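These protein sequences, in sequence, are chains X and G.
Per my numbering, the very first residue in the first sequence carries number 52; after that it's consecutive.
Per my numbering, the very first residue in the second sequence carries number 8; after that it's consecutive.
Everything below concerns the one structure shown next.
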Amino acid sequence: EAGVTQFPSHSVIEKGQTVTLRCDPISGHDNLYWYRRVMGKEIKFLLHFVKESKQDESGMPNNRFLAERTGGTYSTLKVQPAELEDSGVYFCASRGGGTGANVLTFGAGSRLTVL
Amino acid sequence: AQSVTQPDIHITVSEGASLELRCNYSYGATPYLFWYVQSPGQGLQLLLKYFSGDTLVQGIKGFEAEFKRSQSSFNLRKPSVHWSDAAEYFCAVSFRGGATNKLIFGTGTLLAVQP
């Protein structure tokens, strides 16, 4: 089974530009999560999708961040306009049902550098 | 507020030595408990988890962890460290019965292994 795939692995942009990160979850996983790790800090929850619906977006920092999951498959996280403090690693995770119902599988992360 | 504490930011051990990484949590009830590892250039990989039952859980790569309710701890151990264990280790919890199963992470412990 393919794992969680994230693209790009690294993005370097100027302050004020836009970046879109993509996550492809494990096939059949209805639950998709975005997390972020700012350098030196803990990995923090951003939001949770169940299929195409946002179940919990309490961790989204501000309205410059927009997450979508049209069709309930892959998800995108757009940052517009990017600020210096948005730099960090963005992780995506997915979760299925059954015996794996309480376990998140993570992707390798997308490192964002805002200059 | 729920929180996870990993008091050791950076640990160095010699290859072949034993290892213990500490994790304490602050939660109203016993949560689900996890340890993840991130090797250089890799994503977050699940090492082991505790949901219920035997408080000593075995994981991959020879790791184990012990849940101690009285101490609100879930320390990770390995009897003999290998050079390939050099990585960053994250303790995480999630709330039992929660709708999102989102994880709350500690700040991580960076493990260096000396030859």
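The beta-carbon is built from N, C-alpha and C at its ideal position, and this holds for glycine as well.
From a predicted model like this one, the values you see are computed outputs, not experimental measurements.
Out of X:164, X:124, X:157, which has the shortest C-alpha to C-alpha gap to residue 54 (chain X)? Against the first sequence, residue 54 (chain X) aligns to sequence position 3. That would be X:157, whose Cα lies nearest to the Cα of residue 54 (chain X).
Taking only beta-carbon atoms, is residue 34 (chain G) less than 8 Å away from chain X? Taking the first residue of the second sequence as 1, we reach residue 34 (chain G) at position 27. No - not a single Cβ of chain X is within 8 Å of the one on residue 34 (chain G).
For residue 56 (chain X), tell me which candidate among X:65, X:119, X:78 has the shortest Cα-Cα distance. Taking the first sequence and counting its residues from 1, the one referred to as residue 56 (chain X) is at position 5. Residue 56 (chain X) has its Cα closest to that of X:78, out of X:65, X:119, X:78.
Return no unless some Cβ of chain X is closer than 8 Å to the Cβ of residue 74 (chain G). Position 67 of the second sequence, counted from the first residue, corresponds to residue 74 (chain G). Cβ-Cβ to chain X under 8 Å: no for residue 74 (chain G).
Using a Cβ-Cβ cut-off of less than 9 Å, list which residues of the region 48 to 63 of chain G approach chain X; keep chain order. 48, 49, 50, 51, 52, 53, 56, 58
Is it buried or exposed, residue 101 (chain G), if we count other Cβ atoms within 10 angstroms and call 16 or more buried? The sequence position of residue 101 (chain G) within the second sequence is 94, counting from 1. Looking at its Cβ environment, which holds 16 or more other Cβ atoms inside 10 Å, residue 101 (chain G) is buried.
Grab me the residues of residue 79 (chain G)'s own chain with a C-beta within less than 8 Å of its C-beta, minus the 5 sequence neighbours each way, in chain order. Counted from its first residue, the second sequence places residue 79 (chain G) at position 72. These residues qualify, in order along the chain: 31, 32, 33, 34.
Any C-beta of chain G under 8 Å from that of residue 77 (chain X): Within the first sequence, residue 77 (chain X) is the residue found at index 26, counting from 1. So, not an interface residue.
Rounded to whole angstroms, what's the CA-CA distance from residue 130 (chain X) to residue 116 (chain X)? Just pull it up for me. Position 79 of the first sequence holds residue 130 (chain X). Position 65 of the first sequence holds residue 116 (chain X). Spanning the two alpha carbons is a distance of roughly 5 Å.
Under a CB-based cut-off of 8 Å, is residue 154 (chain X) close to chain G? The residue labelled residue 154 (chain X) in the question sits at position 103 within the first sequence. Chain G, which has a Cβ nearer than 8 Å to the Cβ of residue 154 (chain X), makes this yes.
Between residue 99 (chain X) and chain G, is the shortest Cβ-Cβ distance under 8 Å, so that the two count as touching? Indexing the first sequence from 1 puts residue 99 (chain X) at position 48. It does; some Cβ of chain G falls within 8 Å.
Sort out for me which residues DSSP pairs residue 88 (chain X) with in a bridge. Taking the first residue of the first sequence as position 1, residue 88 (chain X) is located at position 37. Looking at the DSSP assignment, residue 88 (chain X) forms a beta bridge with X:94, X:140.
Which bits of chain X does residue 37 (chain G) rub up against, with CB to CB less than 7 Å? Along the second sequence, read from residue 1 onward, the residue named residue 37 (chain G) stands at position 30. Within chain X, no residue comes near residue 37 (chain G); the closest Cβ sits about 13 Å away, beyond 7 Å.
Measuring only the C-alpha atoms, how far is residue 117 (chain G) from residue 68 (chain G)? Within the second sequence, the letter at position 110 stands for residue 117 (chain G). Within the second sequence, the letter at position 61 stands for residue 68 (chain G). Approximately 17 Å, taken between the alpha carbons.
Please confirm if the region 8 to 23 of chain G is in contact with the region 90 to 99 of chain G, defined as three or more CB-CB distances below 8 Å between the two stretches. yes
Quick check on residue 125 (chain X) - is its C-beta less than 8 Å from some C-beta in chain G? Taking the first residue of the first sequence as position 1, residue 125 (chain X) is located at position 74. No, residue 125 (chain X) does not count as interfacial toward chain G.
Give every residue of the same chain whose Cβ lies closer than 6 Å to the Cβ of residue 75 (chain X), excluding the five residues on either side of it in the sequence, and list them in chain order. If you number the first sequence from 1, residue 75 (chain X) lands on position 24. Excluding sequence neighbours, residue 75 (chain X) sits near 56, 125.
Tell me the DSSP bridge mates of residue 100 (chain X)? Locating residue 100 (chain X) in the first sequence gives position 49, where the first residue counts as 1. According to DSSP, residue 100 (chain X) bridges with X:83, X:105.
Tell me where the beta strand (DSSP E) around residue 73 (chain X) begins and ends. Looking up residue 73 (chain X) in the first sequence gives position 22. Segment 70 to 75, the beta strand (DSSP E) holding residue 73 (chain X).
Closest Cβ-Cβ distance between residue 109 (chain G) and chain X: below 8 Å? Counted from its first residue, the second sequence places residue 109 (chain G) at position 102. Chain X contact via Cβ: present.
Give the residues from the region 102 to 128 of chain X that approach chain G closer than 7 Å (Cβ to any Cβ), ordered along the chain. 106, 107
Can you name the residues of chain X whose CB is closer than 7 Å to the CB of residue 97 (chain G)? Taking the first residue of the second sequence as 1, we reach residue 97 (chain G) at position 90. Result: 94.
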